[in-house]
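Taking numbering that gives the first Met the number 0 as reference, the numbering of the sequence shown is continuous, increasing by one, and the terminal residue is 390.
Since the structure comes first, as structure tokens, the remarks are kept for the end.
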Amino acid sequence: MDIQEIYRRAQAQADWLTEVRRALHRIPEEGFREFKTQALICRLLDEMGIPYRTERTWVIGEIAGAAPGAVVALRADMDALPLDEPEGLPFRSEHAGWMHACGHDAHMAVQLGAARLLASMRDAFSGTVRLLFQPAEETVGGAAPMVAAGAMRGVAAVYGLHVQPYMNVGRIDSRPGCLNASTDEVNLAIRGVAGHAARPEQCVDAIVCAAQMVSALQTVVSRGVSPLVPAVLTFGKIAGGTARNVVCDRVELSGTLRTADPAVRAAMKARIREVAQGVAAAFGARVDVDIVEGYCALMNDPGEVERAFRLGRALLGAENVAPRESPSMGGEDFSYFCAEAPGAFYHLGCAAEQPAAPLHSRDFRLDERCLPIGCAMQCALALDRLSEAVG
Ligand SMILES: [Zn+2]
Ligand SMILES: [Zn+2]
């Protein structure tokens, strides 16, 4: 079925999409505590006659076509952010201190809309569409535990999207290869020897050591990574010292490391350890280096991105489908799904006009005309991939 026809059907259910999105918007929840959200998704899947299973707060639905065939997965994330939504919207958050400020309410509505369309045309395709409703994208990550629990078993391709207010409704973008960086947490604890501020020769000053260490660690990127390769190391927190006249014996630094290439990621981690240990040794201090693995980089499959671009051009016109030049250094745990099967993740314009408030801001607003577009794209991607498996 041609994508314009799918879009016509998606638009015919625009009011329903809006209603679902607003219902979800009212009940924003923390990662792995998406209980009401989960219940709403289950109720809607029940109404559509789509079987599903749940574990923790995730939901995995399955729409079987007319005949056996490949399995294609669609993903929507479910969690919200700890922000107080300003007054104004008639469907404002009913959970004080929580807000769908990253648009995951829209992602779920799009996926439920795609499910509804696909369920209504299940006689027209072979194979299975698996619906992955994923918790905790903003915090510890729900994708990796879902993969570990078998969510991607047998999946031939996986598709996901994120609304983006830097583009107006009617535009999409993406890129083959890395779309989102890996995110690791870097924690350093420097230990010196405390003493009287007037007798530094008897002490090991952890503050002076930390100052040198922060400077030296800047070279991990500037002197260790090619200027043509995206990488960033930022220390956002430094803490140490108790009194003006006491030499400090403990400083803690914490930061984030982001890279677009697994080899660069490994090399940078090793270099951070070497530099930190080397600087500490030079001052007679000790340092504990703790690097906590975050999300892996999101690596889009070139063929699947081309499929998304082809369908996007047919839906929105070539001028509204933009290849991104560079990856985003923000993390996105869709990466774990597309590490299991070829996948495409793309951005869906959701602003009414520019400039628009960014994601993760209390002022973030979404133009709901993006919902049927996302719905048609996800539907068309699944059907296009499944039709390939038949031949
Ligand atoms: Zn977010
Ligand atoms: Zn998000």
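Backbone N, C-alpha and C fix where the C-beta goes; we use that ideal spot for every residue, glycine too.
Contacting residues, own chain, Cβ-Cβ under 8 Å from residue i (five flanking each side not counted)
i	result
T53	Q37, C41 and I59
V320	R170, I171, D172, F308, G311 and R312
W15	G112 and R115
L385	G64, G68, A69, V71, F124, S125, G126 and V128
F282	G191, V203, D204, V207, C208 and Q211
Cβ pair residue i, residue j closer than 7 Å
i	j	result
D104	H24	yes
A375	A9	yes
G330	T218	no
A150	I49	no
V250	A209	yes
R257	M212	no
P326	A230	no
I206	C247	yes
L160	L347	yes
G396	A284	Absent from the structure is residue 396, since the part of the chain shown begins at 0 and ends at 390.
I290	V168	no
L187	A275	yes
A379	I62	no
N244	A196	yes
R174	P322	yes
E303	G342	yes
Closer than 6 Å: residue i CB and nearest ligand 1 heavy atom
i	result
C101	yes
E303	no
E137	yes
Counted within 10 angstroms of its Cβ, other Cβ atoms place residue i as buried (16 or more) or exposed
i	result
F393	Within the shown structure, residues of the chain are numbered from 0 to 390, placing residue 393 beyond reach of any answer.
S214	exposed
T241	exposed
A238	exposed
S221	exposed
A350	buried
R91	exposed
Q3	exposed
S225	exposed
G316	exposed
V139	exposed
A269	exposed
R361	exposed
P301	exposed
E93	exposed
L227	exposed
G277	exposed
D122	exposed
A381	buried
Which of helix, strand or coil DSSP assigns to residue i
i	result
R52	strand
F394	Only positions 0 to 390 of the chain appear in this structure, which leaves residue 394 out of reach.
F282	helix
Q133	strand
A375	helix
G390	Confidence at G390 is low in this model, with a pLDDT of 43, below 50, so its placement is unreliable and the value that follows should be read with caution. Looking at G390 - three-state DSSP - the assignment turns out to be coil, as it is neither helix nor strand.
T36	helix
Q163	strand
G112	helix
D289	strand
P67	strand
R25	coil
H359	coil
T241	coil
S225	coil
M98	strand
Contact set for residue i: own chain, Cβ-Cβ below 6 Å, skip 5 residues either direction
i	result
A72	R129, L131, V154 and V157
L178	L297, N299, P326 and F344
R272	V288
D332	E136, G140, A142 and Y294
K236	S253
F363	A100 and A356
P85	R361
T233	G254 and T255
G390	Unreliable positioning characterises G390 in this predicted model, as indicated by a pLDDT of 43, which lies under 50. A coordinate reading is not provided.
Other residues of its chain near residue i: CB distance less than 7 Å, five sequence neighbours each side excluded
i	result
V20	First, the residue type needs correcting, since residue 20 is Arg and not Val in the sequence shown. The answer, listed in chain order, is D104, A105, A108, E367 and L370.
E292	D183
Q201	G194
V70	G126, T127, R129, G153, V154 and A155
W57	F132, Q133, P134, G141 and M145
E413	What is shown of the chain runs 0 to 390, which leaves residue 413 out entirely.
R55	F31 and P134
A340	M151, V154, A155, A156 and V157
A22	L39
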